Amino acid sequence: MLFAPQEDSNQDESKKSQLLSFLLAGLAFSLFTYFVFAAADYHWDWSSIYEYRQKFVNGWLASLLVSLAALFVSLLVGAATVIIQKSRFLPLRYSATIYVELVRGTPLLVQILFLFYVVADSLGLDNRYVVGVAALSLFSGAYISEIFRGAIESVGKSQLQSAKAIGLTHYQTYRYVIFPQALRRSLPALAGQMANIIKDSSLLSIIAIREFTLNAREVSALTFSSFESYLPLALGYLILTLPIMRMARVIEKRIRFET
Amino acid sequence: MNIELQGISKTYGSARALEGLDLSIEDSKCLALIGPSGGGKSTTLRLLAGIEKPTTGEILIDGSSLSNADEHLREYRKSIGIVFQAYNLFPHYSALENITLPLTKVHGYSEEDSIERARELLRRFHLLEHANKKPAELSGGQNQRVAIARALGHKPKLLMLDEPTSALDPEMTAEVLEVIEELVEGQKDVIIVTHQMGFAKRVADQVAIIADGKVAETGPPNQIFENPESNFTRRFLSRVLKY
């Protein structure tokens, strides 16, 4: 009962065998972690960490808020970029392409530092949260524009021809035919991107944004502990990313069923 | 309808689809364009429908010339109905919404009027019970009848169909061709690209054989099928009618 049914059989795996297999796999991971720490002779001490629990909660909430703000802005950035990329005015089109390639080709860390110490400084912008959200949004927006572009281009030629045949204008074709379909098709990838934003937000600690990672590092420094701080950190991110990735799977399945 | 194509050529990049095609049809109710695949039938229909522009030449429909201005062509497309081979419904809309979309967005119908009109058409094609289904939930023949209903929504005088049954099995083909025959009897003008010789023989009053980017022969179906003038038509028909 620990094996998936053969490809050509009609049986589904039973709930019981799913649960049992899942528990076994989880146990294997737990044992591995346990022995690694045991071998390293690590002495756990949770008492000092517990005092700082509020700091974890605050950091976790800050990370969540920053990520949500960045997701919202990066959706706008991504949509704007893809529209500019489809523009017939070539200099505009190439600027969008250069932006996407630069962002995708350089580390986020460098982008954050550049934006904070060079761009924000020269613009006289001193709210580091605004700069942080901007950096994450510009970074993620480039990826989202690629997701959108792929989804738009996946809408078939026959659809465009039909839209033309029934007399829709260029704008109406995008509004009623291309965007609704492209958006649905990009949902799974967008959910994945949301998970990326949450994890990437940890890099904002470099410019002293009081988010989850920075707070965990502070607690670690204050209590001279290490993994007592970093383990809750990892779990805190998993609480956010696991449901999102699960959701992406579900959406993907549903879309595949519908088309 | 009267159709006049004068010296039409159409190239896609370096590929020539039509080369100096001339066609003159007068007072036809149903014109069938037939011929070998890749011969230029569908291209001819797309030019007649104003979806594409000829590289050279002039197109006259009932005496008025199709201009090359995009806005003019869109107005022209709005005045006719067009149906393609397959997959021409929008998959994210229900059958009903597929029909109401052009009515509300292009032809200025109110929401209620468009729904009433769509339901009337669906009832006529025995599709009313499927009004709220998406194309993926309907059979190929049902989808194609919805597509015809959509093309008829704004009551065009002229309907153009590009191989409307090529993706369908024989039974669905029959159900779609029946609908088209009814339309011809019901005072619609129809131009159809088809491989269904039986349909061309039975329903069309004019047939044009198009091959190698030119018109090989035109005439009423009994003349084309019983007594073709050109050797090409004779060979083509003997091949396609053999089985």
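Going down the list, the sequences are from chains U and F.
The first sequence begins at 1 in the numbering used here and counts up by one.
The second sequence begins at 1 in the numbering used here and counts up by one.
Note that beta-carbon positions come from the ideal geometry of N, C-alpha and C, so glycine has one too.
Only a predicted model underlies this, so the values are computations on that prediction, with no experimental measurement involved.
query	result
Flag U:Lys157 as yes if its beta-carbon sits less than 8 Å from any beta-carbon of chain F, otherwise no.	no
With the cut-off set at 8 Å, would you say U:Ser162 and F:Asn68 are in Cβ contact?	no
Throw me the rounded Cβ distance for the F:Ala86 and F:Ala167 pair, which I believe falls under 8 Å.	4 Å
Report the three-state DSSP secondary structure of F:Asn160 (helix, strand or coil).	As written in the sequence, residue 160 of chain F is Met, which differs from the Asn given in the question. Three-state result, F:Met160: strand.
Find the residues of chain F that neighbour U:Gly236, judging by a C-beta separation of less than 9 Å, and give them in chain order.	Neighbours of U:Gly236 on chain F: none; closest Cβ ~38 Å, over 9 Å.
Of the choices F:Lys157, F:Glu129, F:Arg124, whose alpha-carbon is the least far from that of F:Val179?	F:Arg124
Have a look at F:Glu71 and F:Pro102 and give me their C-alpha separation to the nearest angstrom.	17 Å
Please report the straight-line C-alpha distance between U:Ser14 and U:Leu23, rounded to a whole angstrom.	14 Å
Can you tell which of U:Ser226, U:Met1, U:Pro180 has the C-alpha that lies nearest to the C-alpha of U:Tyr42?	U:Ser226
Who does F:Ala15 pair with in a DSSP beta bridge?	F:Tyr12
Looking at the C-beta of U:Gly167, does it have a partner C-beta in chain C at a distance below 8 Å?	Absent from the structure: chain C. Protein chains present are U and F.
Return helix, strand or coil for F:Ile80, following the three-state DSSP convention.	coil
Pull up the distance between the alpha-carbon of F:Thr100 and that of F:Leu152, whole angstroms please.	11 Å
Is there contact here, the stretch 108-121 of chain U with the stretch 160-176 of chain U, by at least three beta-carbon pairs under 8 Å?	no
For U:Pro5, count the other beta carbons within 10 Å of its own beta carbon; 16 or more makes it buried, fewer makes it exposed. Which is it?	exposed
Using a Cβ-Cβ cutoff of less than 6 Å, which residues in the same chain neighbour F:Thr233 once the five nearest sequence positions on both sides are dropped?	Ile209, Ala216, Glu217
In this structure, how does DSSP classify F:Glu215 when only helix, strand and coil are distinguished?	Here the sequence assigns Val to residue 215 of chain F, which means Glu is not the residue at that position. If DSSP states are grouped into helix, strand and coil, F:Val215 belongs with the strands.
In whole angstroms, what separates the C-alpha of U:Asp8 from that of U:Tyr52?	55 Å
Which first and last residues belong to the beta strand (DSSP E) in which F:Leu60 is found?	56-61
Is F:Asn88 close to chain U? Criterion is C-beta to C-beta, closer than 8 Å.	yes
With a Cβ-Cβ cutoff of 8 Å, do F:His18 and F:Ile8 count as a contact?	It should be noted that the sequence gives Leu, not His, for residue 18 of chain F. It is a contact, given that the beta carbons lie within the stated cut-off.
Scan the stretch 97-169 of chain U and note each continuous beta strand (DSSP E) run of 3 residues or more that stays entirely inside, going in chain order.	none
If I measure Cβ to Cβ from F:Leu183 and keep anything under 7 Å in the same chain, skipping five residues before and after, which residues do I get?	Leu159, Val190
Give a yes or no on whether 8 Å exceeds the smallest Cβ distance from F:Phe84 to chain U.	yes
For F:Ile3, write down the residues that DSSP places opposite it in a beta bridge.	F:Ile25, F:Ile61
Could you give the first and the last residue of the continuous alpha helix (DSSP H) run that contains F:Val176?	170-185
With 8 Å set as the bound, which would you pick, yes or no: does the beta-carbon of U:Arg185 sit closer than that to a beta-carbon of chain F?	no
Just tell me which of U:Asp121, U:Phe3, U:Tyr50, U:Leu71 has its CA closest to the CA of U:Ala195.	U:Leu71
Please list the partners that F:Lys78 has in chain U, where partner means a Cβ-to-Cβ separation under 9 Å.	Ile166, Gly167
Closer than 7 Å, Cβ to Cβ, to anything on chain U: give me those residues from the stretch 192-217 of chain F, in chain order.	none
Should F:Gln223 go down as buried or exposed, given a rule of 16 or more other Cβ atoms within 10 Å for buried?	exposed
Would you decide whether U:Phe3 is buried or exposed? Buried here means 16 or more other CB atoms lie within 10 Å of its CB.	exposed
Buried or exposed, going by whether 16 or more other CB atoms sit within 10 Å of the CB of U:Ser30?	exposed
So with CB distances below 7 Å, who are the chain F contacts of U:Tyr176?	Leu101, Lys105
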